[in-house]
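One structure is given here, and the rest of the page talks about it.
2 protein chains.
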Amino acid sequence: MTEANVKKPATIQDVARCANVSVATVSRTLSAPDSVSETRRDAVLRAIESTGYRVNRAAQSLRTQRSNTVLVLLPSLANPFFSHVLKGIADGLSASKQALLVAETGQMFSAGDDLLTYLEDQRADGAIVLDGALPTASLQRLKQSRLASNVVFACEWPARGGVPSVRSANEHGAVLAVRHLHALGHRNIVHVTGPIGNVLTDTRSEGYRLACNELGLRATFFQGDFSLQGGVEAAAQIVKLEPRPTAVFCASDVTAFGLISGLTRFGISVPNDVSVVGFDDIEYSEHFVPPLTTVRQDRVTLGKAAARLLLENSKGQVLGLEERVQEVPVELVLRKSTAPLGA
Amino acid sequence: MTEANVKKPATIQDVARCANVSVATVSRTLSAPDSVSETRRDAVLRAIESTGYRVNRAAQSLRTQRSNTVLVLLPSLANPFFSHVLKGIADGLSASKQALLVAETGQMFSAGDDLLTYLEDQRADGAIVLDGALPTASLQRLKQSRLASNVVFACEWPARGGVPSVRSANEHGAVLAVRHLHALGHRNIVHVTGPIGNVLTDTRSEGYRLACNELGLRATFFQGDFSLQGGVEAAAQIVKLEPRPTAVFCASDVTAFGLISGLTRFGISVPNDVSVVGFDDIEYSEHFVPPLTTVRQDRVTLGKAAARLLLENSKGQVLGLEERVQEVPVELVLRKSTAPLGA
DNA sequence: GGCCATTTTGAAAACGATTACAGTCCAAGC
DNA sequence: GCTTGGACTGTAATCGTTTTCAAAATGGCC
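First to last, the protein sequences are chains A and U.
Counting in my numbering, the first sequence runs from 1 upward without gaps.
Counting in my numbering, the second sequence runs from 1001 upward without gaps.
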């Protein structure tokens, strides 16, 4: 309030002096209070209070070789989908006092950094990666690094696999979607996929294919790219089909929006003429017109699970190269974009 | 690839040894290459390459007393509004090689931490706060801390002021909204506010009041809270008014959605019977039915500006207590929720 | 070749914590 | 009274950098 403000921050030395003990005692008071006699402990705590001491994290990290920080690497901070996962990660981490460092993959690479940079320079001791599309070189380096076990993928994952990851039950979600449409009486169900080579595209397509087999339906694919435009274009293709499909399963909600908007422009009504199911359940889906029936990914839970997996990995040291993959359940949310055939 | 993976990371000592120079030379090669002869520089660079050396950030921070890290404190990571600001901050920071540490205000306080904790323990050397509603005690401590100049508020700011901040031109935005409605012929324009005691509520209300004065209109307020529900309730009040207002300016887009939905339920059509203007321009507004006319805040730019202000503040040291406030322009986005009176 | 000014260099002292190790103290046991 | 053991303490080394300061190398010039 008077002088202390301009003076430099108190160090553990200052506290020791003030409490008439050694620095070791101060340190122990903080990290293992029970190993210190009550008398001194009180003195130390008082001294800490009066000096306004805060442990210097840089010094602490240097000495202990741990930063108590987790890096989250995501494709885009502006994408609400990832924000929710981030939120889950923050929740999952909060109990263990880990700080959260975030970086966008794009910026990181254009800065000449690498996934491992943050781990190698000890800024973080673990990382959660929400981007399956890392450069192969980067991935190679990761896999053969001793730090590999401190990295967990979430949502997406590298196509070649071999790394711990947490993901939604994409395949099962697709199955749920198709079964739902089938139960409504639909027999001509097509699928608008995501972009080629994407793991989410592949798993969801696979689920669609499986469900079609199971139900004795023909599987028909239209390539999309998770974008609105992709849906619009798919609509243009689909209206030309003869006979026209009565239901469409889209690999993302956004694509479903595009599709519906496209169909509407052709005078086709959803769900009266065609039923549509999406994937993700973003905020927007509930309020779309019509409200979208979709497969919900619980992004917060997914983030939490990723955080937990990371923490476990770094505790149970010798978990080894073994691939640890966790699936988070998805749920079909019924709204107004699907209806019984011919209703 | 073989052994190096299991060995502990290379230190500057290792590099020095490998290049047959002193550690000082290695350090200089990295921080001031020109001060080192070409011969040694090459040797050092080769050594760095071959050892896979990465500077240890903890040691560096300890020595230099800088962490090159900025803390962003926000009310909720899950809120897309803030994600966009965060994105802007990341952009604004990327050029200066600062890492980004994020924390939610709620979690932080429940962990017993404080805004200043991260700065005092040197985890970050600056902070951007997206939450105007910090506990007063916290704010007090901030203001009289020598670290005060390393903190910048963005979007919101403490009601008592006295701190650097970057914000949208809230007042002006409200004026734009009212003028637009007036230009369409509306003379009975009411305002659904945000929650009491919020700085955004106050500035937007003030803008509304000013514009009404300027145009010779009567100012009428309904209290909302930025939420959907608030809009719905306001609708119930407004339909009872006699004569019924022909236009409503809402302090947030979400409130506008609630209001429109409420009005519709009473058989009142937007924009045919009543024109509505929102504030924020969130993603959703463009796709609402009807697409919402609203005051757009450019969140990414706002974030960038905050980052820039913070960086400037920490450079131009003796900027002092002077309050630095920056306004980011807003823009009226015309869509379909407003129409000429009686059209 | 000798001298001086200018680069370049290296040795060593921080930075602020944690922790191995070796004491000190005191009560209990003989 | 002397040992022994256990509970606390303190000393000092260490983590990996940066940076000061002084020494060494270089080069220009006579």
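C-beta atoms are modelled at their ideal positions from N, C-alpha and C, and glycine is treated no differently.
Partner residues on chain A for U:V1102, Cβ-Cβ distance less than 7 angstroms: Annotation: Cβ neighbours of U:V1102 in chain A (cutoff 7 angstroms, chain order): L100, V102.
Pull up the distance between the alpha-carbon of U:G1320 and that of U:S1149, whole angstroms please. Residue confidence for U:G1320 is low, a pLDDT of 48 falling below 50, so the modelled location carries little weight; the figure read from the coordinates is stated next. Taking C-alpha positions only, U:G1320 is separated from U:S1149 by approximately 7 angstroms.
Taking 8 angstroms as the CB-CB cut-off, is U:M1001 touching chain A? The pLDDT assigned to U:M1001 is 36, lower than 50, so where the model puts this residue is not dependable; a value taken from the coordinates is nonetheless given after this. Yes, U:M1001 lies at the interface with chain A (some Cβ there is under 8 angstroms from its Cβ).
So, under 8 angstroms CB-CB, U:G1207 and U:G1173 are touching, yes? Tell me the CB distance rounded to an integer number of Å. About 7 angstroms separates the beta carbon of U:G1207 from that of U:G1173, a gap short enough to meet the 8 angstroms contact definition.
Can you have a look at U:I1282 and say buried or exposed, based on whether 16 or more other CB atoms are within 10 angstroms of its CB? U:I1282 comes out buried.
Restricting to Cα atoms, I'd like to know which of U:D1202, U:S1145, U:L1310, U:P1329 is closest to U:Q1098. Across the set U:D1202, U:S1145, U:L1310, U:P1329, the C-alpha of U:L1310 shows the shortest separation from the C-alpha of U:Q1098.
Buried versus exposed call for A:R63 [16 or more other C-beta atoms within 10 Å across all chains shown]: When all chains shown are included, A:R63 counts as exposed.
Along the stretch 1075–1087 of chain U, where does the CB come closer than 9 angstroms to a CB of chain A? Name the residues. For the stretch 1075–1087 of chain U, the residues whose beta carbon sits under 9 angstroms from a beta carbon of chain A are, in order, S1076, L1077, A1078, N1079, P1080, F1082, S1083, H1084, L1086, K1087.
Quick one: what does DSSP say A:V151 is sitting in, helix, strand or coil? Strand, per DSSP.
Taking the C-alpha atoms as reference points, what is the distance between U:V1318 and U:V1175? At U:V1318 the pLDDT is 48, less than 50, meaning the model places this residue with poor confidence; the figure from the coordinates comes in the next sentence. Near 36 angstroms, if we compare the C-alpha coordinates of U:V1175 and U:V1318.
Alpha-carbon to alpha-carbon, A:K143 and A:V163: Those two C-alpha atoms are separated by around 8 angstroms.
Return helix, strand or coil for U:H1287, following the three-state DSSP convention. The answer is helix: DSSP assigns U:H1287 an H, G or I state.
Within 7 angstroms of chain U by C-beta, residues of the stretch 211–236 of chain A in sequence order: Those would be none; no residue qualifies.
Closest residue to A:A251 among A:A10, A:P290, A:H191 (Cα-Cα distance): It is A:H191 whose Cα lies nearest to the Cα of A:A251.
Just the C-alpha distance for A:P291 and A:L210, rounded to the nearest angstrom, thanks. Approximately 27 angstroms between the Cα atoms of the pair.
Could you tell me which residues DSSP pairs with A:Q60 in its beta bridges? DSSP links A:Q60 through a beta bridge to no other residue.
Look at the Cβ atom of A:A58, then the Cβ atom of U:Q1013, and state whether they are nearer than 8 angstroms. Not closer than 8 angstroms, so no.
CB contact below 8 angstroms: U:G1320 versus chain A: Reliability of the predicted coordinates at U:G1320 is poor, the pLDDT of 48 falling under 50, and the value obtained from them is presented with this limitation in mind. Closer than 8 angstroms: no.
I want to verify the contact list: residues of chain U whose CB lies under 7 angstroms from the CB of A:E120, in sequence order. Near A:E120 (Cβ distances below 7 angstroms), the residues of chain U are P1009, R1054.
Three or more beta-carbon pairs under 8 angstroms between the stretch 324–333 of chain A and the stretch 296–306 of chain A, yes or no? With a cut-off of 8 angstroms, the stretch 296–306 of chain A and the stretch 324–333 of chain A count as touching, because enough Cβ pairs lie within range.
Along the stretch 1254–1279 of chain U, what residues have a CB closer than 7 angstroms to any CB found in chain A? Near chain A, meaning a CB-to-CB distance below 7 angstroms, no residue of the stretch 1254–1279 of chain U qualifies.
Say whether the stretch 150–157 of chain A touches the stretch 128–135 of chain A, bearing in mind that this needs 3 or more beta-carbon pairs closer than 8 angstroms, one atom from each stretch. Yes: at least three Cβ pairs fall under 8 angstroms.
Can you pull the chain A neighbours of U:Q1107, defined as C-beta to C-beta under 7 angstroms? Ordered by position in chain A, the residues that pass the 7 angstroms Cβ test against U:Q1107 are A90, S94.
So, helix, strand or coil for U:R1200, using DSSP? As written in the sequence, residue 1200 of chain U is Leu, which differs from the Arg given in the question. DSSP places U:L1200 in helix when its eight states are reduced to three.
With DSSP as the reference, label U:H1186 as helix, strand or coil. Secondary structure at U:H1186: coil, using DSSP grouped into helix, strand and coil.
Any beta carbon from chain A within less than 8 angstroms of U:D1298's own beta carbon? Chain A, which has no Cβ nearer than 8 angstroms to the Cβ of U:D1298, makes this no.
Could you check whether the stretch 43–60 of chain A touches the stretch 1108–1121 of chain U, counting it as contact only if at least three pairs of C-beta atoms, one from each stretch, sit closer than 8 angstroms? The stretch 43–60 of chain A vs the stretch 1108–1121 of chain U: in contact.
Might you give, ordered along the chain, the residues of its own chain that have their beta carbon closer than 8 angstroms to the beta carbon of A:Q45, omitting 5 neighbours on each side? With the sequence shown as reference, residue 45 of chain A is identified as Leu, and Gln is not the correct amino acid for it. Hits under 8 angstroms: T29.
Classify U:T1294 as buried or exposed, calling it buried when 16 or more other Cβ atoms lie within 10 Å of its own Cβ. With 16 or more Cβ atoms within 10 Å of its Cβ, U:T1294 is classed as buried.
Mind checking if U:Y1208 is an interface residue toward chain A, Cβ cutoff 8 angstroms exclusive? So, not an interface residue.
In its own chain, which residues sit with a C-beta less than 6 angstroms from the C-beta of A:E3, not counting the 5 before and 5 after it? Caution is warranted here: a pLDDT of 38 is assigned to A:E3, below 50, making its placement in the model unreliable, and no coordinate value can be reported.
Report the residue from A:N188, A:C212, A:R218 whose alpha carbon sits nearest the alpha carbon of A:R244. When A:N188, A:C212, A:R218 are compared, the shortest CA-CA separation from A:R244 is found for A:N188.
In the DSSP output, what is A:L220 paired with across the bridge? In the sequence as displayed, the identity of residue 220 of chain A is Thr instead of Leu. Residue pairing for A:T220: DSSP places it in a beta bridge opposite A:V190.
Interface partners of A:R57 on chain U, CB under 7 angstroms: In chain order: D1121, Q1122, R1123.
Could you have a look at U:A1090 and say whether DSSP puts it in helix, strand or coil? In the three-state scheme derived from DSSP, where H, G and I count as helix and E and B as strand, U:A1090 is classed as helix.
Between the CA atoms of U:R1324 and A:T117 - distance to the nearest angstrom: About 36 angstroms.
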